[in-house]
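Following: one structure in structure tokens, then a few remarks.
In my numbering, the protein residues as written are 2 to 277.
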């Protein structure tokens, strides 16, 4: 059914509920509604979640980003504290709107992505970023001595598959902030790369490798030290975004997205030197 063009809340009594749809980056899609029973439409069951409340949704006719926020209790099986802490909802897409629970006429009031997610006590709150946030990006990129392109992403042109490797978990540090793996490339090649869990409780989660300490991979987020050894992971090599690495290691200097030889701002503050 196409979205309704009706005028909502035009009568004294309306059979209207709020709906939310969350799509995580790992592909899991969740639907919720403020109604007192589950509602199914567009092939998705929207579970009743009366504890979830949207703040005022502000929509503008100009290019200014729309604003909204959603809050609720950590009482629904689909939204668990450990999933929030693991970042499963970070960067996912969200849509919310109104639905008539009798006719299933509906309208989308807000669509965007999930920004920062926090939890306090038995509740959580999520900052929402509207689709118009993309209009705020800089049209002309700022100059920088390092490459602006994401490794194996747009502008880099290198194949992600060529620099991805399968390995197995060999050890986890006591604080969960570092892991060792068996298989894959040398540890030094993984600095600034990523590790994606393929099995276990954290399957689908991607962690950035912030640094290398001997054979330990230092991750950007802690992981549960109860993950069984031998769990499969996918490793993506990393790049420090310098021209030297791009040219010598990857042979990709022609696609380098930076200006390594452009004089910096300090050129204007230098004192002239007398000729000898």
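Here a beta-carbon is modelled for each residue, glycine too, at the ideal position from N, C-alpha and C.
Between residue 6 and residue 31, the alpha-carbon positions lie close to 25 Å from each other. Residue 35 is classed as buried because its beta carbon has at least 16 other beta carbons within 10 Å across all chains shown. In the same chain as residue 256, and ignoring 5 residues on each side of it, the C-beta atoms closer than 7 Å to its own belong to 156, 157 and 158, in chain order. Within 10 angstroms of the beta-carbon of residue 245 lie fewer than 16 other beta-carbons, which makes it exposed. Between residue 170 and residue 114, the CB-CB gap reaches or exceeds 9 Å. Assignment of beta strand (DSSP E) within the region 140-184, counting only whole runs of 3 or more residues, yields 165-173 and 179-183 in chain order. Residue 41 has 46 as its beta-bridge partners, per DSSP. Taking a 10 Å sphere around the C-beta of residue 105, we find fewer than 16 other C-beta atoms and assign the residue as exposed. Contact between residue 25 and residue 89 holds, with the beta-carbon distance rounding to 6 Å and staying under 8 Å. Where residue 246 is concerned, the enclosing alpha helix (DSSP H) starts and stops at 244-249.
Contact annotation, residue 218 with residue 210: C-beta distance approximately 5 Å; criterion of less than 8 Å satisfied. Under the three-state reduction of DSSP output, residue 24 falls in the strand class. A distance below 8 Å between beta-carbons, with the five flanking residues on each side excluded, links residue 184 to the following residues of its chain, in chain order: 166, 167, 168 and 169.
For the set 110, 86 and 146, the Cα lying nearest the Cα of residue 95 is the one of 110.
Boundaries of the beta strand (DSSP E) around residue 101: 94-101. For residue 86, the three-state secondary structure derived from DSSP is helix. Taken in chain order, the complete beta strand (DSSP E) segments of 3 or more residues contained in the region 203-227 are 207-214 and 217-220.
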